[in-house]
Amino acid sequence: QEKVQQSPESLIVPEGAMVSLNCSFSDSASQSIWWYQQHPGKGPKALISIFSNGNKKEGRLTVYLNRASLHVSLHIKDSQPSDSAVYLCAVSNTGNYKYVFGAGTRLKVIA
Amino acid sequence: EAAVTQSPRSKVAVTGGKVTLSCHQTNNHDYMYWYRQDTGHGLRLIHYSYVADSTEKGDIPDGYKASRPSQENFSLILELASLSQTAVYFCASRGQGGSGNTLYFGEGSRLIVV
């Protein structure tokens, strides 16, 4: 069964800092890797996904995938207090019908 | 944006009682999911469905049943609620085509079993 591990567990940064979140997965045949953002008392919301090795940039977000090392990272540029949330890494199986989530990284951005 | 609504949003149940959590989506999605969230465990898949009148077991199905009477509705049933089932439950649906394989989540149902 796929295992997804995230680090760090929590992170506190000043406003404007670059944030780096890590995610390791166990199955090299996994299809897509997703990052979700979850604010307190709310459901997770999809931020960005990646399938191929390399990087993908959307606005202030950049995600890097290295399938050989089974590692993906999310970088948030110019972090804002509104970015304070739990970030969940999710990996989908072949066929993209099952998603395994990591335990999450709790981010706090201080103004 | 895809809309997924859950009810009830919060519930206190007694041990041994029956609990039904309901989920409704209005976006014509084929796949629907039930996850539970516990501190330190992230989201764990309980049951999912890809077509009406059919459900599949996820990674932690023990103690739960699911029902998909229509494409729009997906229920999670706890026949005999136990203390260990205290958690927040999330329903999600999966988009296709232009929305890719994005999961759209509801706001969650907080269940406390006493």
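Here the protein sequences come in this chain order: A and B.
Numbered by my numbering, the letters in the first sequence go through residues 107 to 217 in order.
Numbered by my numbering, the letters in the second sequence go through residues 35 to 148 in order.
Each residue gets a CB set at the ideal place from its N, CA and C atoms; glycine is no exception.
Note that this is a predicted model, so its numbers are computed, not measured.
Here DSSP, grouped into helix, strand and coil, assigns residue 118 of chain B to helix. Spatial neighbours of residue 168 of chain A in its own chain (CB-CB distance under 8 Å, excluding positions within 5 residues in sequence) are listed in chain order as 161, 162, 180, 181, 183.
Not one beta carbon of chain B lies nearer than 8 Å to the beta carbon of residue 146 of chain A. Between the alpha carbons of residue 112 of chain A and residue 39 of chain B lies a gap of roughly 29 Å. Per DSSP, reduced to three states, the secondary structure at residue 189 of chain A is helical. Within the segment 126-153 of chain A, those residues whose Cβ lies closer than 9 Å to any Cβ of chain B are, in chain order, 137, 138, 140, 142, 144, 147, 148, 149, 150, 151, 152. The C-alpha of residue 80 of chain B is placed about 25 Å away from the C-alpha of residue 128 of chain A. As computed with DSSP, residue 109 of chain A is found in no beta bridge at all. Short of 6 Å from the beta carbon of residue 205 of chain A, and not among the five residues preceding or following it, lie these beta carbons of its own chain, in chain order: 196, 198.
In this structure, residue 121 of chain A keeps its C-beta atom at 8 Å or more from the C-beta atom of residue 192 of chain A.
By the neighbour-count criterion, in which a residue is buried when 16 or more other Cβ atoms sit within 10 angstroms of its Cβ, residue 121 of chain B is buried.
Residue-level contact by beta carbon fails for residue 163 of chain A and chain B, as no gap is shorter than 8 Å.
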